[in-house]
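Enquirer: To get the working numbering, take the position in the sequence shown, counting from 1, and add 1. Each residue gets a CB set at the ideal place from its N, CA and C atoms; glycine is no exception. Have a look at this one.
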Amino acid sequence: MNEITSTQMPWISEGYRVFAHEGPVGLKVERLARSVNKNKSSFYHHFADLEVFTNFLLKYHLLRADIIAEKESQCTNVEELIEVLVAHKLDLLFNRQLRIHRQNKDFANCFEETNQHVANAILGVWANMLGLTENSYLAALVLKLSMENFYLQITEETLNPTWLSGYFKQLQEMVKEFKKMGDFVPFHNG
2 MNEITSTQMP WISEGYRVFA HEGPVGLKVE RLARSVNKNK SSFYHHFADL
52 EVFTNFLLKY HLLRADIIAE KESQCTNVEE LIEVLVAHKL DLLFNRQLRI
102 HRQNKDFANC FEETNQHVAN AILGVWANML GLTENSYLAA LVLKLSMENF
152 YLQITEETLN PTWLSGYFKQ LQEMVKEFKK MGDFVPFHNG
C-alpha cells in the first residue's frame with residue numbers, strides 16, 4: 002500500500018473519526034464525501050473502494066499507535082499516562098471498534114499489533130503502578146487482561162481523567178488483594 006498523501010488526509014481523518022464512533026458500518030462514501038466537501042469520484046480516485054480505504058485507516062491507526070506508544074513510554078507515573086490516554090481518546094475509540102469487530106481478520110490483526118505496541122511502551126509504569134515491579138511477568142498478564150476489560154468499558158463519556166483514575170485504582174486494589182493471598186491457590190487441578 003502506498004504512503005498516505007496530503008490529498009487523502011481529509012478522507013482519512015473523517016473516516017477515522019467515523020470508524021472510531023460507529024465502527025465499519027458508518028463508513029459510507031456518500032456520507033464521507035459530504036463531510037469532507039468533495040465529490041464521491043475523488044474518493045474512488047484515491048481509494049478505489051471501501052475495502053482499500055479501510056486498509057488505509059488501519060495503516061493510519063498503526064502510525065498513530067506508534068506515536069502514542071512513544072508518548073506512553075515517556076510516562077513516569079499514572080497521571081502522565083492518563084494525560085496521554087485522554088489526549089488520544091479518538092485513537093482509543095478506534096481501537097475499541099477494532100476489538101468489537103475483531104471477527105474481521107484485518108481488524109483483529111491491527112488490534113493485536115496496536116495492543117502489543119502499547120503493552121511494550123507502558124509495562125514499566127504499569128508494573129510500578131500495580132506494585133509489581135518485582136514480577137514483570139505478572140504485570141504483563143494483568144495488563145493483557147486489563148486491556149480487554151478496558152476496551153469493553155470505554156466510551157466517549159468515560160474516557161476522562163476521573164474515570165481513568167478510578168479504573169486504575171480498582172486495578173491497584175485488585176492486585177493488592179491478590180498479593181495478600183500470598184501463595185494461596187484456591188483452585189486445584191485433578
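Apart from the five residues just before and just after His189, which ones in its own chain have a Cβ nearer than 8 angstroms to its Cβ?
Expert: Residue placement at His189 is poorly supported in this model, since its pLDDT is 47, which falls under 50; the coordinates still yield a value, given next. Nothing listed; no residue qualifies.
Enquirer: Report yes if the C-beta distance between Arg103 and Phe112 is below 8 angstroms; otherwise report no.
Expert: Going by C-beta atoms, Arg103 is nearer than 8 angstroms to Phe112.
Enquirer: For Phe151, tell me which candidate among Ser7, Glu31 and Leu93 has the shortest Cα-Cα distance.
Expert: Comparing Cα positions, the closest option is Leu93.
Enquirer: Excluding the five sequence neighbours on either side, which residues of its own chain have a C-beta within less than 7 angstroms of the C-beta of Asn242, listed in chain order?
Expert: In the structure displayed, the chain extends from 2 to 191; residue 242 sits before or after that span and is not available.
Enquirer: How do the stretch 31-38 and the stretch 5-17 stand: do at least 3 beta-carbon pairs fall below 8 angstroms, yes or no?
Expert: Touching, yes, given that three or more Cβ pairs across the two stretches are closer than 8 angstroms.
Enquirer: Cβ of Glu23 less than 8 angstroms from any chain C Cβ?
Expert: Looking for chain C here will not work: only one protein chain is present.
Enquirer: I think Leu165 touches Leu86, with their Cβ atoms under 8 angstroms apart; what is that distance to the nearest whole Å?
Expert: Sure, about 6 angstroms apart at Cβ, within 8 angstroms.
Enquirer: Beta-carbon within less than 7 angstroms of Glu31's beta-carbon, same chain only, minus the 5 sequence neighbours each way: which residues are those?
Expert: Same-chain partners within the cutoff: Lys41.
Enquirer: Using 8 angstroms for Cβ pairs, my map puts Gly24 next to Ile101. What's the rounded Cβ distance?
Expert: Correct: roughly 6 angstroms between the Cβ atoms.
Enquirer: Does the beta-carbon of Asn136, which I'm using as the reference point, lie nearer than 7 angstroms to any heavy atom of the ligand COA?
Expert: For the ligand COA, the structure offers nothing, since it holds no ligand at all.
Enquirer: Can you tell me which of the three DSSP states Cys76 falls into?
Expert: Coil, per DSSP.
Enquirer: Measuring alpha carbon to alpha carbon, tell me which of Ile123, Glu178 and Leu131 ends up nearest Ile69.
Expert: The option with the nearest alpha carbon to Ile69 is Ile123.
Enquirer: Using a threshold of 8 angstroms, state whether the C-beta atoms of Leu28 and Phe44 are closer than that.
Expert: Cβ distance not < 8 angstroms, so Leu28 and Phe44 don't count as in contact.
Enquirer: Hey, would you say Leu153 sits closer than 8 angstroms to Val143, going by beta carbons?
Expert: Taking 8 angstroms as the Cβ cut-off, Leu153 and Val143 do not qualify as a contacting pair.
Enquirer: So for His102, helix, strand or coil by DSSP?
Expert: DSSP places His102 in coil when its eight states are reduced to three.
Enquirer: Let me confirm a value: Val119 is counted as buried when at least 16 other C-beta atoms fall within 10 Å, else exposed. Which label applies?
Expert: With 16 or more Cβ atoms within 10 Å of its Cβ, Val119 is classed as buried.
Enquirer: What's the C-alpha gap between Ala21 and Val53?
Expert: Cα to Cα, Ala21 sits roughly 17 angstroms from Val53.
Enquirer: By DSSP, does Gly191 sit in helix, in strand, or in coil?
Expert: Note that Gly191 has pLDDT 49, beneath the 50 cutoff, so the model's placement of it is unreliable and no number is given.
Enquirer: For my contact list, Leu82 and Glu71 are in at a C-beta cut-off of 8 angstroms; report their separation, rounded to the angstrom.
Expert: 13 angstroms between Cβ atoms; not a contact.
Enquirer: Sorted by chain position, which residues of the same chain lie with C-beta nearer than 8 angstroms to Lys177's C-beta, five sequence neighbours on each side aside?
Expert: Excluding positions up to five away in sequence, the list reads Gly132.
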